[in-house]
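In the order they appear, the protein sequences are chains A and B.
Mapping to numbering that gives the first Met the number 0: the first sequence position 4 is 3, numbers consecutive.
Mapping to numbering that gives the first Met the number 0: the second sequence position 34 is 33, numbers consecutive.
2 protein chains.
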Amino acid sequence: MAAETHLIIMAGGIGSRFWPLSTPEYPKQFIDVTGRGRSLLQMTCDRFAALCPIERTWVVTNAAYVPIVRQQLPQIPDENILAEPAARNTAPCIAYAGWKIRQKHPEANIIVAPSDAYVRDDAEFRRIIGEALSYTCDRNAIVTIGITPTRPETGYGYIQMETAGAEGEIRKVASFREKPDKETARAYLEAGCYLWNAGIFVWNIKTLEESIRSYVPDIAEGLDAIAQSFYTKKEGPALAEAFPKLRKISIDYAVMEHHPGIHTIPADFGWSDLGNWASLHSLLESDAEGNAAVGPVRFVECSGCIAHVQGTEKVVLQGLQDCIISCSGGRMLICRKSEEQRIRDWN
Amino acid sequence: MAAETHLIIMAGGIGSRFWPLSTPEYPKQFIDVTGRGRSLLQMTCDRFAALCPIERTWVVTNAAYVPIVRQQLPQIPDENILAEPAARNTAPCIAYAGWKIRQKHPEANIIVAPSDAYVRDDAEFRRIIGEALSYTCDRNAIVTIGITPTRPETGYGYIQMETAGAEGEIRKVASFREKPDKETARAYLEAGCYLWNAGIFVWNIKTLEESIRSYVPDIAEGLDAIAQSFYTKKEGPALAEAFPKLRKISIDYAVMEHHPGIHTIPADFGWSDLGNWASLHSLLESDAEGNAAVGPVRFVECSGCIAHVQGTEKVVLQGLQDCIISCSGGRMLICRKSEEQRIRDWN
Chain A
0 MAAETHLIIM AGGIGSRFWP LSTPEYPKQF IDVTGRGRSL LQMTCDRFAA LCPIERTWVV
60 TNAAYVPIVR QQLPQIPDEN ILAEPAARNT APCIAYAGWK IRQKHPEANI IVAPSDAYVR
120 DDAEFRRIIG EALSYTCDRN AIVTIGITPT RPETGYGYIQ METAGAEGEI RKVASFREKP
180 DKETARAYLE AGCYLWNAGI FVWNIKTLEE SIRSYVPDIA EGLDAIAQSF YTKKEGPALA
240 EAFPKLRKIS IDYAVMEHHP GIHTIPADFG WSDLGNWASL HSLLESDAEG NAAVGPVRFV
300 ECSGCIAHVQ GTEKVVLQGL QDCIISCSGG RMLICRKSEE QRIRDWN
Chain B
0 MAAETHLIIM AGGIGSRFWP LSTPEYPKQF IDVTGRGRSL LQMTCDRFAA LCPIERTWVV
60 TNAAYVPIVR QQLPQIPDEN ILAEPAARNT APCIAYAGWK IRQKHPEANI IVAPSDAYVR
120 DDAEFRRIIG EALSYTCDRN AIVTIGITPT RPETGYGYIQ METAGAEGEI RKVASFREKP
180 DKETARAYLE AGCYLWNAGI FVWNIKTLEE SIRSYVPDIA EGLDAIAQSF YTKKEGPALA
240 EAFPKLRKIS IDYAVMEHHP GIHTIPADFG WSDLGNWASL HSLLESDAEG NAAVGPVRFV
300 ECSGCIAHVQ GTEKVVLQGL QDCIISCSGG RMLICRKSEE QRIRDWN
């Protein structure tokens, strides 16, 4: 099989944990969270550019966000921006993109990735993804990227590797584990065979199609019923009718936990899901008192603070300890870092 | 003398203690500091409206602020907005306005007032000013308004009344006192014959002219030299040449401390100079935890905070104690209330 690499970027999240930086109208993946002048979606595209050309990059997002994607990625073909009429979790999202790709690109070897993660070492990232692509191009296998854990994180799902039967860097997956409690997370870290689930995985189009047909046949049927409309003017109306009826289920529950050929590559390229303020804080450069900022912030007698101030000219913060400070588009939040899980209740 | 009431509002301050709410480009007097939908200047005009018609109201301000005054007080005649080419403190400011008024209104009885103070009881305020106007209309006297102190305030100058020789509510002034230290302020409060100097005073045009001629003759001469240009096209250029050369001196040092006919009326109309964040906090309504806000602020586990957030849609503050929180025009400040005297150093 002469593989042709494709990339499906999932960009439909609403990023409610980063309010007010992220809002349902303009969520996290479209924001310059790290202060480098590029949104997380743009950085994701940049990171994959050497692996997959833009004309084979597909962005699946909510219909409401299509104009933002078009504006942020002007080089992407319009037909590669797939508009979900409703949020149905990741299985329908990936299946829809897969069904579209299959019609025109029966040789596709596909990377699926979220749009809003951070990677420090792009070169190592590309090397790892390249290994995964080589493995899946001619096998009925799924290779999911596993991040070597550096702390007993309770905010991520884990991948348990099998201890025997490695093929080069590729390992078989023994099981997927939900977000653990602190004690379990510590045990995982010590055991050495658990990896963070980065939600990035690679499979070829045949594996994708067969997996959907086998494990979530209702989703396959729903898409088969409208597949004739794809790439025509009827696609939008057909999708609007059919998509909201597809089962709301994640790709992990739908496929990963059932497929016999799940593999992983332990990777170490400085990854973060940027899932909360603490994770942003940990990857930004901090001053001697542990303060980090994106934006024109002056810290006076502050310590342990993380500030992200969009559209500001000058910000002075004095006498704050361990606080999150964020403003964006007329909204402002200041709270203790220890209380960040309550942000969703306040916005 | 058939008195005709005039009002001189001094609106040239730059309000550096209220940064970022107040900036040199748009200082405090032009801002809706109290959240009632009117700027301090507008509220000052409103307060005097029943005492003095708008066509006899004069606003002296920095040339740079003339467009703001015009926009905020559209009903005021253009020629009543006096543009200072430079800031020379209050004596040149008042003398210039007096010299202009004298040419057209030789019967004027004049109130001089700052543009940025707060008054709770407007009716009592008008009654007191009315008393002062009655006293000065036919006397060579200056009546300055003295506020009955309610706390040992160290941020205000004080007026010492003479204990004997009252004429109705009018009392002779024994002396003016600079801002005291805490101990002295306590002694003033106990003594009962000290009042806060509100910087509001009343005199007739003859007293004004003679005082300037007697005590700061150089200022009188400077204005005499350009008086022929007043109300003509030559006024602007003449003033631009002459005004910056006038002595930089306050009306207190120039006149008040020398004039033999200084009187005061002890008044109690809920006055504040709104000179700092603490004074704003004290006049706003606070919640049960002592938090007060102007703007759409939600306090969560905060206490003793004062927030003023301009142009915001939603602000959530959690876990802050005794802080000032302000944002305006892309600038933001958060600091401990105890440190507010340092705000000038940060902006």
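Heads up, the beta-carbon is just placed ideally off N, CA and C, and yes, glycines get one too.
Keep in mind it's a predicted model, so treat the numbers as computed, not measured.
Where T43(B) meets chain A, residues with beta-carbon distance less than 9 Å: None at all; the shortest Cβ gap to chain A is about 29 Å.
Secondary structure of L319(A), DSSP reduced to three states: coil
Under 9 Å (Cβ pairs) to chain A, residues found in the stretch 8-24 of chain B: W18 and P19
7 Å CB neighbourhood of S174(B) in its chain, flanking five on each side removed: Q159
Proximal residues to I294(A) (C-beta, below 6 Å), its chain only, five neighbours per side dropped: Looking at the sequence shown, residue 294(A) is not Ile but Gly. If we look at G294(A) and ignore the five residues flanking it on each side, its Cβ neighbours are V308 and T311.
Expected contact under 8 Å - CB spacing of A107(B) and N203(B) to nearest Å: 7 Å
I176(B) - DSSP class collapsed to helix/strand/coil: Position check: residue 176(B) holds Arg in this sequence, whereas Ile was assumed. Of the three classes helix, strand and coil, the one that applies to R176(B) here is strand, per DSSP.
8 Å Cβ cutoff, V299(B) in contact with chain A: yes
Rounded separation between G318(A) and C334(B) - CA only: 6 Å
Opening and closing residue of the alpha helix (DSSP H) in which V68(A) lies: V65 to Q71
Element boundaries [beta strand (DSSP E), containing C334(A)]: R330 to R335
Residues bridged to Q159(A) (per DSSP): S174(A) and Y193(A)
Through-space distance from K99(A) to F229(A), alpha-carbon basis: 7 Å
CA-to-CA distance, S281(A) to V314(B), given in whole angstroms: 25 Å
Reference R343(B); option with closest CA among I7(B), R16(B) and R46(B): R16(B)
Which of helix, strand or coil DSSP assigns to W18(A): coil
Beta bridge counterpart(s) of C326(B) as assigned by DSSP: V308(B) and M331(B)
Beta carbon proximity, Q340(A) to chain B, threshold 8 Å: no
Cutoff 8 Å: W276(A) Cβ touching any chain E Cβ: No chain E is part of this structure, whose protein chains are labelled A and B.
Residue burial classification, H257(B) (beta-carbon count within 10 angstroms, cutoff 16): exposed
Short CB-CB distance (under 8 Å) between R119(B) and chain A: no
Residue closest to T143(A), alpha-carbon to alpha-carbon, out of E24(A), R150(A), C326(A) and L132(A): L132(A)
K36(B) to A266(B) span [Cα, whole Å]: Checking the displayed sequence, the identity of residue 36(B) turns out to be Gly instead of Lys. Taking the straight line joining both Cα atoms gives about 27 Å.
Assigned secondary structure, R297(A) (DSSP; H/G/I helix, E/B strand, else coil): strand
The alpha helix (DSSP H) enclosing L132(B), as first and last residue numbers: D121 to T135
Pick from A219(B), Y157(B), P216(B) and F47(B) that is closest to Y368(B), judged by C-alpha positions: Residue coverage of chain B in this structure runs from 0 to 346, which leaves residue 368(B) outside it and unanswerable.
Assigned secondary structure, N139(B) (DSSP; H/G/I helix, E/B strand, else coil): coil
Chain-ordered chain B contacts of L332(A) [CB-CB under 7 Å]: V315
Amino acids of chain A, ordered along the chain, whose beta-carbon sits closer than 9 Å to that of L279(B): Residues of chain A passing the Cβ test: none, with the nearest at roughly 18 Å.
Alpha-carbon spacing of R185(A) relative to K178(A), whole angstroms: 12 Å
Closest residue to Y134(A) among S114(A), P148(A), A241(A) and I169(A) (Cα-Cα distance): I169(A)
Proximal residues to D321(B) (C-beta, below 8 Å), its chain only, five neighbours per side dropped: S302, G303, C304, R335, K336 and S337
Pick from D223(A), A287(A), A112(A) and G235(A) that is closest to A10(A), judged by C-alpha positions: A112(A)
Residues sharing a beta bridge with H352(A), DSSP: Given a span of 0 to 346 for chain A in the structure shown, any question on residue 352(A) remains unanswerable.
Of the residues I93(B), G191(B) and P148(B), the one placed nearest A253(B), counting alpha carbons only: I93(B)
Chain B within 8 Å of E288(A), Cβ atoms only: no
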